[in-house]
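Q: In this note's numbering, the protein residues as written are 1445 to 1543.
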Amino acid sequence: RRGTKTSEIKDTTKRRKVPMMFYFVMGIAMALSQTLGKLANKYVNFTVSTIFKCSKALPTMAVSVLFLKRRYDRYEVLAVLLMGLSAVFFAIGASAVES
């Protein structure tokens, strides 16, 4: 800016709260999950694959409860468990039809 001295400009950089190793591990985990997910799709049909991709709420909720100490309402937990259970039954039904 015009007319301001370097000493007047506030330092807007913040210290990192999370160690850099955490970002490295998370990047590796995300890359592996994408790769392994695509490899797993070779063994199930498209419909089952889509159902399981849509039911990512269960692991997301589990991680947020374990690590972030978040609490969910009973109805939210029940809905996610029913969605996961229906995905399992759908996969079982699809494998029975294919064989």
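Positions of the beta carbon are idealized from the N, C-alpha and C atoms, including for glycine. All of these numbers come straight from a predicted model, not from anything done at the bench.
Can you tell me whether residue 1524 is buried or exposed, with buried defined as 16 or more other CB within 10 angstroms of its CB?
A: Here residue 1524 refers to the residue found at position 80 of the sequence shown. Residue 1524 comes out buried.
Q: In this structure, does DSSP put residue 1503 in helix, strand or coil?
A: Start at 1 with the first residue of the sequence shown, and residue 1503 comes out as number 59. DSSP places residue 1503 within a helical segment (H, G or I) once states are collapsed to three.
Q: Is the beta carbon of residue 1538 less than 8 angstroms from the beta carbon of residue 1491?
A: For the purposes of this step, residue 1538 is taken as residue 94 along the sequence shown, with counting starting at 1. For the purposes of this step, residue 1491 is taken as residue 47 along the sequence shown, with counting starting at 1. Yes, the Cβ-Cβ distance between residue 1538 and residue 1491 is below 8 angstroms.
Q: Between the beta-carbon of residue 1501 and the beta-carbon of residue 1474, is there less than 8 angstroms?
A: Walking along the sequence shown from the start, residue 1501 turns up at place 57. Walking along the sequence shown from the start, residue 1474 turns up at place 30. No, these two residues do not count as a Cβ contact at 8 angstroms.
Q: Please give the ranges of any alpha helix (DSSP H) in the segment 1467-1511, keeping only runs that are unbroken, at least 4 residues long and fully inside the region.
A: 1490-1498
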